[in-house]
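Trainee: After the structure tokens below, expect a handful of questions from me.
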Amino acid sequence: MAEQYIVGVAGVIAFLLGFVFLVRSWGLSKLKRPASMEFPKENCVNKNGNGEGEAVGTTEIIIVGAGVAGAALAYSLGKDEYRVQVIERNLHALNRIAGEFLMPGGYLKLIELGLGDCVDEIDAQQILGYTLNKDGKEALVSFPLEKFQSHVVGRTFHNGRFVQRLRKKAASLHNVSLEQGTVTSLLEENGIVKGVHYKDKSGQLLTAYAPLTIVCDGCFSNLRRSLCHSKVDIPSYFVGFILTNCELPKEKYGAFILADPSPILFYPISSTEIRCLVDVPSQNLPSVSNGEMAHYLKTLVAPKVLPELYNSFISAIEKKDNIRIMPNKIMAGASHLTPGAFLIGDAFNMRHAITGGGMTVALSDVVILRDLLRPLHDLSDASAICKYLESFYTLRKPMSSTINTLANVLHKVFSAPSDPAMENLQQTLLGYLKLGGVFSSGVSALLSGLCPRPLSLAFHFIVMAIYGVGQLLLPFPSPKRLLGGAKLLWVASSVFLPIIHSEGVRQMFFPLTVPAYYRTPPKGKKNLRGNSMHL
3 MAEQYIVGVA
13 GVIAFLLGFV
23 FLVRSWGLSK
33 LKRPASMEFP
43 KENCVNKNGN
53 GEGEAVGTTE
63 IIIVGAGVAG
73 AALAYSLGKD
83 EYRVQVIERN
93 LHALNRIAGE
103 FLMPGGYLKL
113 IELGLGDCVD
123 EIDAQQILGY
133 TLNKDGKEAL
143 VSFPLEKFQS
153 HVVGRTFHNG
163 RFVQRLRKKA
173 ASLHNVSLEQ
183 GTVTSLLEEN
193 GIVKGVHYKD
203 KSGQLLTAYA
213 PLTIVCDGCF
223 SNLRRSLCHS
233 KVDIPSYFVG
243 FILTNCELPK
253 EKYGAFILAD
263 PSPILFYPIS
273 STEIRCLVDV
283 PSQNLPSVSN
293 GEMAHYLKTL
303 VAPKVLPELY
313 NSFISAIEKK
323 DNIRIMPNKI
333 MAGASHLTPG
343 AFLIGDAFNM
353 RHAITGGGMT
363 VALSDVVILR
373 DLLRPLHDLS
383 DASAICKYLE
393 SFYTLRKPMS
403 STINTLANVL
413 HKVFSAPSDP
423 AMENLQQTLL
433 GYLKLGGVFS
443 SGVSALLSGL
453 CPRPLSLAFH
463 FIVMAIYGVG
473 QLLLPFPSPK
483 RLLGGAKLLW
493 VASSVFLPII
503 HSEGVRQMFF
513 PLTVPAYYRT
523 PPKGKKNLRG
533 NSMHL
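Put into structure tokens, the structure is as follows:
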């Protein structure tokens, strides 16, 4: 009865917050901008002069980096008949432990870009959700896919195979040039970026010119410092390796184990391989080369692994060169407007990888940027284009801030099991998800990118906090329990609110009050894109 009362109170608050959310959503739909309207496009081509070494190509847009964001953007802009030059430091398939999980919301963005077939023929695995395990207790987190067609699910795969499929699609367009090279610097004149200096694969120094340069060269970007206010935090590292000859407890579901000292994540990346990621705090990272990491995994982590995976877990640790390490970087997207240049992807904004939402944010950003560039007649007025594209930073907030906040909050809660307050938060989350219904499906909708709404995130945070306090007060609110409830609220707020602040409260919850939201495309000259005009 007591738990039903708590849920009932939470339901009343949910109704009130839901009403506010619907009113706000109605306002947004009335004022939604026609960003995808098609207009005749002009040709805006710079005839290259001589730079250092040799100047190559006639291009409208240069894209630095051909990872998930860069390759998808190149294809989408190429389909819109822009002449695109893509410069990527390594065109070979990379063996990475990042970018292996595409949430259902990200898959929908992939379809919207015309790239849905890129998850075919790479042995990608369908994922319907996660099992969340702690101290023998389990909560099932299923993605709310009932309203979608059967092919709309999460996908896991080898990152290198997926990226190569994206690159192949981009390179298939006659107006997209994809070449291997390392961009050394931006070419800037009078505060306006005119192109890039880069070295091709033979080491020759070249210069490429274009009215717009889009930088998306990943989390290790060497160009971001000149284009954004970068403050990178590395709270932990993922230690990754591949398990074979085993199966996960529930078919088509990943497994997440809340353990001390490290959260552990399992998901399939092919029909015969399961990826294991162990989150290790930055200050306690053992060395791989001298065997400390293997000892750490065997003695402290392996005892917490699910029994059906234990033997394969030990075998994977003992396999030579199987252990790899990746830094989990966090960087809020703080824009620094630079005429002639634009920054997207992990080069611009990163969240903790614990929820696997990075590619979903990247593909969402690509859709928004493509739609903003579609109505442009002319890219030659760099200052006007820069001012217009400022709206991107507000338009991206529903998806990016929802996934960023959820990822960073969950990592803080999951990675401090020895803290009694964090332990209470973990138990609260587990109990909240086990309530099922709108509670469980609401959180999984946020996690999967299917409900990119910051207000929905705030709603679930508030209701979850009420539920947690109520559980602590049962069966009777003694002074000790009241103190515990107050501490839970304090700790939860100290985790949630700073992350919300870093995302930008105004852009996140009140986008209609941001002037840049209403920016309209600058007027260009009336020449058609098909008729060349050399400047």
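Going left to right, the sequence shown walks through residues 3 to 537 as this note's numbering numbers them.
Every residue, glycine too, gets a C-beta built ideally from N, C-alpha and C.
1) Can you list the alpha helix (DSSP H) stretches of 4 or more residues lying completely in the region 221-263, in chain order?
2) Could you tell me whether the region 221-234 touches the region 325-338, using the rule of 3 or more Cβ pairs below 8 Å?
3) Thinking just about the alpha-carbon of each residue, which of I65, N161 and D281 is nearest to the one in I99?
4) By how many angstroms is the C-alpha of N313 removed from the C-alpha of E56?
5) Indicate the three-state DSSP secondary structure (helix, strand or coil) for S31 in the structure shown.
6) Using 10 angstroms around the beta-carbon of E102, count the other beta-carbons present and answer buried if the total reaches 16, otherwise exposed.
7) How far does the beta strand (DSSP E) with D386 in it extend, from its first residue to its last?
8) Leaving out five residues before and five after G347 in sequence, what residues of the same chain have Cβ atoms less than 6 Å from its Cβ?
9) CB-CB under 6 Å to L93, same chain, minus the five flanking residues each way: which ones, in chain order?
10) If F145 and C230 are in contact, beta carbons under 8 Å, what's the gap, nearest whole angstrom?
11) Among L130, L117, V155 and L375, whose alpha-carbon lies nearest the alpha-carbon of T215?
12) So which of H338, E191 and S291 has the shortest CA-CA distance to D323?
13) Kindly identify the DSSP beta-bridge partner or partners of R398.
14) In terms of alpha-carbon separation, which member of F159, V178, T357 and G438 lies closest to E275?
15) Quick check on A95: does DSSP put it in helix, strand or coil?
16) Assign F478 to one of two classes, buried (16 or more other C-beta atoms within 10 Å of its C-beta) or exposed (fewer than that).
17) Could you tell me how far apart the beta carbons of S273 and D125 are, in whole angstroms, since I believe they sit closer than 8 Å?
18) For L134, write down the residues that DSSP places opposite it in a beta bridge.
19) Which residues in the same chain have their Cβ closer than 7 Å to the Cβ of R1, if we skip the five residues on either side of it in sequence?
20) What did DSSP end up calling P270 once you bin it into helix, strand or coil?
21) Three Cβ pairs or more, each shorter than 8 Å: is that satisfied between the region 354-362 and the region 399-408?
22) Who does T184 pair with in a DSSP beta bridge?
23) How long is the line joining the alpha carbons of L175 and R169, rounded to whole angstroms?
24) Identify which residue in L397, A386 and L381 has its Cα closest to the Cα of I370.
25) Assess, as a yes-or-no matter, whether the region 438-450 is touched by the region 133-149 under the definition of 3 or more beta carbon pairs within less than 8 Å.
26) Between G487, K196 and A296, which has its C-alpha nearest P422's C-alpha?
27) Based on DSSP bridge pairs, tell me the residues matched to E2.
28) In this structure, does DSSP put E114 in helix, strand or coil?
29) Between V155, V198, L117 and D137, which lies nearest to G451 when the distance is taken from Cα to Cα?
30) Quick one: is D380 buried, meaning 16 or more other Cβ sit within 10 Å of its Cβ, or exposed?
31) Name the one or two DSSP bridge partners that E294 has.
32) Counting C-beta neighbours from all protein chains within 10 Å, is the total for R227 16 or more, i.e. buried, or is it exposed?
33) Give a yes or no on whether the C-beta atoms belonging to R167 and Q128 are separated by under 9 Å.
34) Out of V440, P454 and L476, point me to the one whose CA is closest to G108's CA.
Mentor: Reading it off the structure:
1) Assignment of alpha helix (DSSP H) within the region 221-263, counting only whole runs of 4 or more residues, yields no such run.
2) Taking 8 Å as the limit for Cβ pairs, the verdict is that the region 325-338 does touch the region 221-234.
3) Within the sequence shown, residue 99 is the residue found at index 97, counting from 1. It is N161.
4) Your numbering for residue 56 matches position 54 in the sequence shown. Your numbering for residue 313 matches position 311 in the sequence shown. Unreliable placement is indicated for E56, whose pLDDT of 42 sits below 50; no coordinate value is reported for it.
5) Here residue 31 refers to the residue found at position 29 when the sequence shown is read from its first residue. With a pLDDT of only 38 at S31, under the threshold of 50, the placement of this residue in the model should not be trusted; the figure read from the coordinates follows. The three-state secondary structure of S31, taken from DSSP, is helix.
6) For this step, residue 102 is matched to residue 100 along the sequence shown. It is buried - the Cβ of E102 has at least 16 other Cβ atoms within 10 Å.
7) For the purposes of this step, residue 386 is taken as residue 384 along the sequence shown, with counting starting at 1. Checking the sequence, you will find Ala at residue 386 rather than Asp. Run containing A386: none in the beta strand (DSSP E); it sits in the alpha helix (DSSP H), A384 to L391.
8) Reading the sequence shown from its first residue, position 345 is the one you call residue 347. Cβ within range, chain order: A71, C218 and A364.
9) One-based indexing of the sequence shown puts residue 93 at position 91. The answer, listed in chain order, is Q182.
10) Against the sequence shown, residue 145 aligns to sequence position 143. Against the sequence shown, residue 230 aligns to sequence position 228. So it is not a contact: roughly 32 Å between Cβ atoms.
11) Here residue 215 is taken as the residue at index 213 of the sequence shown, counted from 1. Checked all of L130, L117, V155 and L375; the closest Cα to T215 is L375.
12) Taking the first residue of the sequence shown as position 1, residue 323 is located at position 321. Ranking the options by Cα distance to D323, first place goes to S291.
13) Within the sequence shown, the letter at position 396 stands for residue 398. DSSP lists no partner for R398.
14) Indexing the sequence shown from 1 puts residue 275 at position 273. Looking only at F159, V178, T357 and G438, the smallest Cα-Cα distance to E275 is reached by F159.
15) Here residue 95 is taken as the residue at index 93 of the sequence shown, counted from 1. Here A95 sits in coil by DSSP.
16) The residue given as residue 478 occupies position 476 in the sequence shown. It is exposed - the Cβ of F478 has fewer than 16 other Cβ atoms within 10 Å.
17) To locate residue 273, count along the sequence shown from 1; it is residue 271. To locate residue 125, count along the sequence shown from 1; it is residue 123. Taking C-beta atoms under 8 Å as the contact rule, S273 and D125 qualify, at a distance of about 6 Å.
18) As a working note, residue 134 is residue 132 in the sequence shown. According to DSSP, which records beta bridges pairwise, L134 is partnered with A141 and F258.
19) Residue 1 lies beyond the range of the chain shown here (3 to 537); nothing can be said about it.
20) For the purposes of this step, residue 270 is taken as the residue at position 268 of the sequence shown. DSSP, reduced to helix, strand and coil, places P270 within a strand of the structure shown.
21) For the pair of segments examined, the region 354-362 was found to touch the region 399-408: the number of CB pairs separated by less than 8 Å reaches three.
22) The count along the sequence shown starts at 1 and reaches residue 184 at position 182. Within the DSSP secondary-structure output, T184 pairs in a beta bridge with K201.
23) As a position in the sequence shown, residue 175 is number 173, starting the count at 1. As a position in the sequence shown, residue 169 is number 167, starting the count at 1. Each residue's CA atom was taken as its position, placing L175 and R169 some 10 Å apart.
24) Position 368 of the sequence shown holds residue 370. Of the candidates L397, A386 and L381, the residue whose Cα lies closest to the Cα of I370 is L397.
25) Two segments are said to touch when three or more pairs of C-beta atoms, one from each, lie closer than 8 Å; by this definition the region 133-149 touches the region 438-450.
26) Here the question's residue 422 lines up with position 420 in the sequence shown. Between P422 and the set G487, K196 and A296, the nearest pair of CA atoms involves G487.
27) The displayed coordinates of the chain run from 3 to 537. Any statement about residue 2 would go beyond what the structure contains.
28) Walking along the sequence shown from the start, residue 114 turns up at place 112. DSSP places E114 in helix when its eight states are reduced to three.
29) Residue numbering aside, residue 451 sits at position 449 when the sequence shown is read from its first letter. Shortest Cα-Cα distance from G451 to any of V155, V198, L117 and D137 involves V155.
30) Within the sequence shown, the letter at position 378 stands for residue 380. By the neighbour-count rule (16 or more Cβ atoms within 10 Å), D380 is buried.
31) For this step, residue 294 is matched to residue 292 along the sequence shown. E294 is not bridged to any residue.
32) Along the sequence shown, read from residue 1 onward, the residue named residue 227 stands at position 225. By the neighbour-count rule (16 or more Cβ atoms within 10 Å), R227 is not buried but exposed.
33) As a working note, residue 167 is residue 165 in the sequence shown. As a working note, residue 128 is residue 126 in the sequence shown. Pairing R167 with Q128 gives a Cβ-Cβ distance that is not under 9 Å.
34) Looking up residue 108 in the sequence shown gives position 106. Per the Cα distances, P454.
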